[in-house]
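Undergrad: After the structure tokens below, expect a handful of questions from me.
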Amino acid sequence: KENKLWGGRFEESVTDAVERFSESISFDKALYKQDIRGSRAHATMLAAQGLITTSDRDSILNGLDVIERTIEAGDFVWRTDREDVHMNIEAALTDMIGEPAKKLHTARSRNDQVVTDLRLWCRDAIDSILFHIKKLQVVLVYLAMRNEGLIVPGYTHLQRAQPVLLQHLLLSYVEQLERDAGRFIDCKNRLNFCPLGACALAGTGLPIDRFMTSDALGFTAPLRNSIDAVSDRDFVLEFLSASSIAAIHLSRLGEEWVLWASEEFGFLVPSDSVSTGSSIMPQKKNPDPMELVRGKSARVVGDLITVLVLCKGLPQAYNRDLQEDKEPLFDSVKTIMGMLEVTAEFAQNITFNHERIQRALPAGHLDATTLADYLVKKGVPFRTSHDIVGRCVAFCLSKDCQLSDLSLDELTAIDPVFEKDVYEFVGVNNSVSKFCSYGSTGSACVSEQLSYWVSKLGIS
Ligand code: ARG
Numbered sequence: 071k072e073n074k075l076w077g078g079r080f081e082e083s084v085t086d087a088v089e090r091f092s093e094s095i096s097f098d099k100a101l102y103k104q105d106i107r108g109s110r111a112h113a114t115m116l117a118a119q120g121l122i123t124t125s126d127r128d129s130i131l132n133g134l135d136v137i138e139r140t141i142e143a144g145d146f147v148w149r150t151d152r153e154d155v156h157m158n159i160e161a162a163l164t165d166m167i168g169e170p171a172k173k174l175h176t177a178r179s180r181n182d183q184v185v186t187d188l189r190l191w192c193r194d195a196i197d198s199i200l201f202h203i204k205k206l207q208v209v210l211v212y213l214a215m216r217n218e219g220l221i222v223p224g225y226t227h228l229q230r231a232q233p234v235l236l237q238h239l240l241l242s243y244v245e246q247l248e249r250d251a252g253r254f255i256d257c258k259n260r261l262n263f264c265p266l267g268a269c270a271l272a273g274t275g276l277p278i279d280r281f282m283t284s285d286a287l288g289f290t291a292p293l294r295n296s297i298d299a300v301s302d303r304d305f306v307l308e309f310l311s312a313s314s315i316a317a318i319h320l321s322r323l324g325e326e327w328v329l330w331a332s333e334e335f336g337f338l339v340p341s342d343s344v345s346t347g348s349s350i351m352p353q354k355k356n357p358d359p360m361e362l363v364r365g366k367s368a369r370v371v372g373d374l375i376t377v378l379v380l381c382k383g384l385p386q387a388y389n390r391d392l393q394e395d396k397e398p399l400f401d402s403v404k405t406i407m408g409m410l411e412v413t414a415e416f417a418q419n420i421t422f423n424h425e426r427i428q429r430a431l432p433a434g435h436l437d438a439t440t441l442a443d444y445l446v447k448k449g450v451p452f453r454t455s456h457d458i459v460g461r462c463v464a465f466c467l468s469k470d471c472q473l474s475d476l477s478l479d480e481l482t483a484i485d486p487v488f489e490k491d492v493y494e495f496v497g498v499n500n501s502v503s504k505f506c507s508y509g510s511t512g513s514a515c516v517s518e519q520l521s522y523w524v525s526k527l528g529i530s
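Mapped onto the UniProt record's numbering, the consecutive letters of the sequence shown carry residue numbers 71 to 530.
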């Protein structure tokens with residue numbers, strides 16, 4: 071067995087079970103790019119500060135280049151006995167260039183190294199997620215543009231409520247995604263500070279320049295407190311929180327579309343390319359991708375909970391428990407990216423069944439609130455008009471008809487305030503046309519929203 075990098079004071083190597091249990095190389099090799107990037111910046115700073123010679127620096131930098139290429143070619147041998155990505159790369163560098171490699175860990179600990187890698191990794195992950203969020207927003211806006219003027223029942227408590235434009239509903243998801251993006255951007259700005267040079271926890275007595283490495287790695291500034299720098303994973307928690315909220319938004323969209331694809335609703339038809347069949351029931355066509363979007367949101371929330379509980383009992387500074395932050399983080403990013411991608415793909419492969427929607431609209435007295443507003447315009451106090459329309463609805467229920475079917479005689483028998491112009495306020499088309507408050511489902515308001523997104527997202 072090879073002597074560990076900390077070998078000096080040890081007389082025995084760890085047991086196989088401990089080695090297998092403790093290793094993180096099987097998953098933290100995903101950090102190799104960030105680890106090498108950090109090492110480059112660190113070596114360059116060490117040379118600038120006269121802590122290593124420029125020739126040592128150059129052999130380190132060249133060696134790191136070779137290692138990166140070897141990893142990318144799939145030829146790098148990751149060794150479990152070298153525990154993690156940091157020691158694998160450092161030991162491989164030592165195998166390759168010898169003495170100068172032994173100077174790379176000057177004024178550095180794996181404690182500041184791992185959290186530097188992780189912050190860099192999160193930064194990159196956020197950029198990819200933001201790209202996918204925007205892509206989904208664009209797809210939803212296109213879907214809205216293709217369905218101009220289509221009225222659908224709006225629901226509260228999953229009961230028929232008021233008619234809305236489908237565009238309005240689709241744009242509500244675009245709004246949510248925008249706040250999701252905002253949370254990721256906030257998270258990125260707050261995490262973009264550099265732990266490198268905090269070393270184990272106390273900093274160092276060697277003349278390093280933390281501002282130089284921070285700049286080189288594109289961080290805003292070095293973290294002010296070396297203990298904080300190696301201790302906390304709040305940025306992981308924040309990232310997972312943002313991911314969880316986004317995942318829940320997608321899950322709700324998934325639920326809505328699964329419901330709409332049911333025979334009972336029949337509002338939405340997914341194409342075969344985004345549906346799956348049943349191994350036993352020949353007639354089945356299931357909206358599996360959106361069910362899985364709904365289902366996979368559980369993983370992301372679970373990942374957040376894992377890291378919350380992980381951090382809960384830790385005293386200050388680095389604890390090995392923190393190695394457990396990576397798998398949930400990696401899992402959540404893979405999951406949320408898949409969810410965003412598949413939701414966009416699904417959205418590009420659905421059509422709304424205008425005929426079924428049309429047939430559904432008369433049921434449920436979606437225009438009742440508009441009728442109540444009509445009475446308000448006639449000077450009736452809203453509570454009274456609510457009561458009058460309630461009686462109209464009860465009458466309709468007894469006759470099994472719609473508000474728009476009631477004759478003026480029938481209406482005035484309920485309350486004399488009704489006049490002929492009432493017929494401009496009943497029926498879903500009339501109802502939708504009356505909405506005019508800012509942000510409402512009236513077509514002018516929705517067009518305004520649509521133009522906002524078209525220009526904001528740069529859609530031509
Ligand atoms: N693999 C470790 C982790 O992911 C790296 C830091 C280990 N530091 C230590 N002192 N054992 O957290």
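Cβ coordinates follow ideal geometry from the N, Cα and C atoms, glycine included.
Buried or exposed: threonine 440, going by 16 or more other Cβ atoms within 10 Å of its Cβ?
TA: Taking the first residue of the sequence shown as 1, we reach residue 440 at position 370. Classification of threonine 440: buried, given that the 10 Å Cβ count is 16 or more.
Undergrad: Less than 8 Å between the beta carbons of lysine 504 and aspartate 443, yes or no?
TA: Translated into the one-based positions of the sequence shown, residue 504 becomes position 434. Translated into the one-based positions of the sequence shown, residue 443 becomes position 373. The answer is yes: Cβ separation under 8 Å.
Undergrad: Have a look at Met409, Ile106 and Pro451 and flag the residue whose alpha-carbon is nearest the alpha-carbon of lysine 205.
TA: Counted from its first residue, the sequence shown places residue 205 at position 135. Of the listed residues, the one whose Cα sits closest to lysine 205 is Met409.
Undergrad: How many whole angstroms separate the CB atoms of glutamate 160 and alanine 177, which I take to be in contact at a CB cut-off of 8 Å?
TA: In the sequence shown, residue 160 corresponds to position 90, counting from 1. In the sequence shown, residue 177 corresponds to position 107, counting from 1. Going by Cβ atoms, the distance from glutamate 160 to alanine 177 rounds to 14 Å, so no, they are not a contact pair.
Undergrad: Taking only the alpha-carbon atoms, compute the straight-line gap between glycine 497 and glutamate 334 and give it to the nearest angstrom.
TA: Counting from 1 along the sequence shown, the entry for residue 497 is found at position 427. Counting from 1 along the sequence shown, the entry for residue 334 is found at position 264. Cα to Cα, the separation comes out at about 23 Å.
Undergrad: Here's the rule I'm using: 16 or more other beta-carbon atoms within 10 Å means buried, otherwise exposed. How should tryptophan 76 be labelled?
TA: In the sequence shown, residue 76 corresponds to position 6, counting from 1. By the neighbour-count rule (16 or more Cβ atoms within 10 Å), tryptophan 76 is not buried but exposed.
Undergrad: In chain order, what residues place their C-beta within less than 7 Å of a heavy atom belonging to the ligand ARG?
TA: Qualifying residues come out as Ser94, Asp98, Glu153, Asp154, His156, Ser179, Arg180, Asn181, Val184, Tyr388, Arg390, Leu392, Gln393 and Lys396.
Undergrad: Would the stretch 183-196 count as touching the stretch 105-115 if we require 3 or more Cβ pairs under 8 Å?
TA: Taking 8 Å as the limit for Cβ pairs, the verdict is that the stretch 105-115 does touch the stretch 183-196.
Undergrad: I need the straight-line Cα distance from isoleucine 141 to threonine 150, nearest angstrom please.
TA: Along the sequence shown, read from residue 1 onward, the residue named residue 141 stands at position 71. Along the sequence shown, read from residue 1 onward, the residue named residue 150 stands at position 80. Taking the straight line from one Cα to the other gives about 16 Å.
Undergrad: In terms of alpha-carbon separation, which member of Val412, Met351, Pro265 and Arg193 lies closest to glutamate 361?
TA: Within the sequence shown, residue 361 is the residue found at index 291, counting from 1. It is Val412.
Undergrad: Under the rule that 16 or more other beta-carbon atoms within 10 Å means buried, what is phenylalanine 254, buried or exposed?
TA: Indexing the sequence shown from 1 puts residue 254 at position 184. Under this definition phenylalanine 254 is a buried residue.
Undergrad: State the Cα-Cα distance for the pair leucine 220 and serine 501, rounded to the nearest angstrom.
TA: Along the sequence shown, one-based indexing puts residue 220 at 150. Along the sequence shown, one-based indexing puts residue 501 at 431. So the two alpha carbons sit approximately 13 Å from each other.
Undergrad: On a Cα-Cα basis, can you pick out the residue from Thr290, Glu153, Glu93 and Leu200 that is closest to arginine 249?
TA: Here residue 249 refers to the residue found at position 179 when the sequence shown is read from its first residue. The residue with the shortest Cα to Cα distance from arginine 249 is Leu200.
Undergrad: Out of curiosity, what's the CA-to-CA distance linking isoleucine 130 and threonine 346?
TA: Counted from its first residue, the sequence shown places residue 130 at position 60. Counted from its first residue, the sequence shown places residue 346 at position 276. Rounded to the nearest angstrom, the two C-alpha atoms are 53 Å apart.
Undergrad: Mind checking isoleucine 167: buried by the 16 CB within 10 Å criterion, or exposed?
TA: As a first step, residue 167 is located in the sequence shown; it is residue number 97 there, counting from the start. The residue is buried, with at least 16 neighbouring Cβ atoms inside 10 Å.
Undergrad: Quick check: the stretch 235-252 against the stretch 260-269, are at least 3 beta-carbon pairs closer than 8 Å?
TA: No: the two stretches stay apart, fewer than three of their Cβ pairs being nearer than 8 Å.
Undergrad: Could you tell me the distance, in whole angstroms, from the CA atom of glycine 509 to the CA atom of aspartate 395?
TA: Here residue 509 corresponds to residue number 439 of the sequence shown, with the count starting at 1. Here residue 395 corresponds to residue number 325 of the sequence shown, with the count starting at 1. So the two alpha carbons sit approximately 41 Å from each other.
Undergrad: Taking just the CA atoms, how far does glutamate 397 sit from phenylalanine 97?
TA: Position 27 of the sequence shown holds residue 97. Position 327 of the sequence shown holds residue 397. The alpha-carbon atoms of phenylalanine 97 and glutamate 397 are separated by roughly 7 Å.
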